[in-house]
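Down below is the structure, laid out as C-alpha cells.
This is the structure in C-alpha cells:
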C-alpha cells in the first residue's frame with residue numbers, strides 16, 4: 001500500500017509539471033514558491049532587479065516616443081512653414097492678345113501685385129501663342145494656370161463706352177480669361193491659383209480706371225451718357241474662368257489626405273492579420289517556403305485588388321456629379337491596387353526584419369511622410385521636402401489626379417517607373433525576409449518539440 005501511495009504521489013507531481021509547462025491556468029497547479037515576487041507590495045517590488053530593469057526599459061521607450069512625436073510634428077509643420085512666402089514659385093503663363101489699354105492695365109496690375117506671396121507671371125509674346133495653345137500649356141502641366149486678354153478687348157470696351165446700344169450688350173467678363181485645373185491639388189488650386197487669377201480682374205479694373213479713367217470719361221461720357229455706358233465705365237473688365245476639370249465636391253479634400261491614409265493602413269492591418277494567422281497555424285514551419293509565401297502573398301494580391309476596388313468605388317459613389325467616367329474608374333482602381341501592393345510588401349519587410357516593438361514607429365513615420373508629400377505641392381514646400389518625389393503616395397496621387405483630369409498635368413512617365421521601382425526593390429528583400437522567417441519558425445518549432453520530448457521523457 002505504501003508503495004502504491006508513493007507511485008500515486010509521483011504521478012500527480014509529474015502531471016503537475018507537464019500541465020504547468022503547457023500553460024494550465026489553474027493557480028493550484030503552480031507551486032507558490034515558483035513566483036515569490038507575486039506577493040510583494042509595490043515598495044518591495046520596486047526594489048527587485050527585474051522590476052527595476054522593466055521600469056528602465058519603459059522610460060527608454062517613453063523617451064524614444066517623445067523624440068518621435070517631436071520629429072514628426074516638426075516635419076509636418078515644417079512642410080507648411082512660411083508656405084505663403086513661396087507662392088511666387090507657382091508659375092502662371094500670361095499673354096496679352098489685346099495689346100491695348102486693357103492688356104496694359106493687366107500687366108501693370110501684375111507689377112503692382114507682384115511679390116513673394118503672389119504667383120509669378122511668365123509673360124510671353126502674343127505672336128507665339130493662341131488662346132488654344134495657352135490652354136494646352138496648362139493642360140500639359142507646364143504652368144499651374146494661365147491668364148490672357150482677349151483679342152480686341154480694348155476696342156470692344158471703347159466701342160461700348162461710345163455707343164449706348166453696344167454698352168447694353170457689352171460683357172466685361174469677356175475681356176480677360178484665365179485657365180486652371182481644379183482637380184490638381186484642389187485645396188491649393190482653389191486658394192492660390194483660382195483666387196489670385198480671379199483677383200486679377202479686380203486689379204486690372206482698378207488700374208485701368210486709375211490710368212485711363214479721366215481720359216475715357218472726358219472723351220466718351222462727358223455729354224449725357226446713358227445708364228448702360230456708366231455701368232460699362234464702372235465695370236470695364238472682368239474675368240472668365242476656363243476650368244480643366246471642375247472639382248467642387250468637398251470630398252475632394254480627402255483624396256490626398258484620409259484617402260491615402262486608408263490605403264496604407266488597410267494593408268498594414270491586413271499584413272498583421274495574415275502574418276498572425278500564419279504563425280498561429282505554424283504555416284512557416286510546416287510547409288515549404290514556396291507554398292507559405294505564395295499562399296500568403298496570393299491572398300494579399302487578391303484582397304488588395306478588392307480593397308482598391310472598394311476605395312475607388314467610394315470615390316465614385318460620392319462624386320456628386322463630378323465629370324469622371326468608367327475608363328477613369330478602371331485606371332484609378334489599378335493605380336490604387338499598385339499602391340496597396342507596394343505598401344503591403346513594405347510593411348511585410350518591416351515585420352521580417354524588426355521586432356513588433358518598432359512597428360508603430362515605422363508605420364507612423366511612413367504614413368506621415370507619404371501623406372505630407374500629397375497635401376502640399378512641391379513649389380510651395382521647402383526644398384528639403386523635395387525628396388518626397390520618390391514616395392509612393394506622392395506619385396500615386398499625382399497619377400490619379402491626372403487621370404481624373406483626362407490626362408492634364410501628365411506624370412505617368414515619372415510616377416509609374418517610381419511605383420514599379422518600389423516593387424523591384426522591395427520584392428527581393430521580401431523574398432529573403434520570408435526565407436529568414438521560415439528558418440526561424442522551424443528552429444523555434446524544433447526547439448519546442450525537443451523541449452516537449454525531454455519533459456515527456458521525464459514524466460514516464
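Numbering (UniProt numbering), first residue to last: 1 to 460. Where a beta carbon is used, it is the ideal one built from N, C-alpha and C, also for glycine. Note that the coordinates shown come from a computational prediction; the quantities given were computed from them, not determined experimentally.
Using three-state DSSP, classify residue 128 as helix, strand or coil. helix
Starting from residue 180, follow its DSSP beta bridges and name the residues at the other end. 145, 243
Euclidean distance between Cα positions of residue 151 and residue 160: 15 Å
Extent of the continuous alpha helix (DSSP H) to which residue 471 belongs: This structure leaves residue 471 out entirely; the chain is present only between 1 and 460.
Using the beta-carbon count (16 or more within 10 Å), is residue 394 buried or exposed? buried
Do the region 329-344 and the region 295-311 make contact, defined as three or more Cβ pairs closer than 8 Å? yes
According to DSSP, residue 121 sits in a beta bridge with which residue or residues? 92
Own chain residues within Cβ distance below 8 Å of residue 431, not counting five before or after: 293
Would a check of beta-carbon distances place residue 99 closer than 9 Å to chain B? Absence of chain B from the displayed structure is noted, only one protein chain being present.
For the pair the region 126-142 and the region 273-286, tell me if three or more CB-CB distances fall below 8 Å. no
Residue 257 to residue 113, Cα distance in whole Å? 32 Å
Classify residue 67 as helix, strand or coil using the three-state DSSP reduction. helix
Residue 249 (DSSP reduced to helix, strand or coil): coil
Does the region 96-113 come within contact of the region 55-63, defined as at least 3 CB pairs closer than 8 Å? no
Which same chain residues, not among the five before or five after residue 379, have their C-beta less than 6 Å away from its C-beta? 89, 90
Please report the distance separating the alpha-carbon of residue 248 from that of residue 322. 8 Å
Sorted by chain position, which residues of the same chain lie with C-beta nearer than 7 Å to residue 319's C-beta, five sequence neighbours on each side aside? 249
How about the region 409-423 and the region 216-227: do they share at least three Cβ pairs that are nearer than 8 Å? no
I need the DSSP call for residue 441, collapsed to helix, strand or coil. helix
For residue 359 and residue 439, the rounded distance between their alpha carbons: 21 Å
Count the other CB atoms within 10 Å of the CB of residue 374; is the residue buried (16 or more) or exposed (fewer)? buried
Residue 92 and residue 175: beta carbons closer than 9 Å? no
Euclidean distance between Cα positions of residue 25 and residue 37: Only weak support is given to the placement of residue 25: the predicted model assigns it a pLDDT of 45, under 50, and the question is left unresolved by the model.
Look at residue 183 and residue 405 and say whether their C-beta atoms are less than 9 Å apart. yes
Residue closest to residue 444, alpha-carbon to alpha-carbon, out of 234, 100, 283: 283
Give a yes or no on whether the C-beta atoms belonging to residue 75 and residue 255 are separated by under 9 Å. no
For residue 270 and residue 311, believed in contact at Cβ under 8 Å, the rounded distance: At roughly 13 Å, the Cβ-Cβ gap does not stay under 8 Å, so residue 311 and residue 270 are not in contact.
Please look up how many angstroms separate the CB atoms of residue 148 and residue 95, rounded, as I've assumed it's under 8 Å. 4 Å
List, from N- to C-terminal side, the beta strand (DSSP E) runs of 3 residues or more that fit wholly inside the region 156-231. 176-180
Can you tell me the Cβ-Cβ gap for residue 105 and residue 235, rounded? I've got them flagged as a contact below 8 Å. No, residue 105 and residue 235 are not in contact; Cβ-Cβ is about 13 Å, not under 8 Å.
Residue 28 - DSSP class collapsed to helix/strand/coil: With a pLDDT of only 46 at residue 28, under the threshold of 50, the placement of this residue in the model should not be trusted, and no figure is reported.
Of all the options 441, 168, 351, 179, which has the alpha carbon lying nearest to the alpha carbon of residue 287? 441
Which same chain residues end up closer than 7 Å to residue 446 when comparing Cβ atoms and leaving out the 5 residues on each side of it in sequence? none
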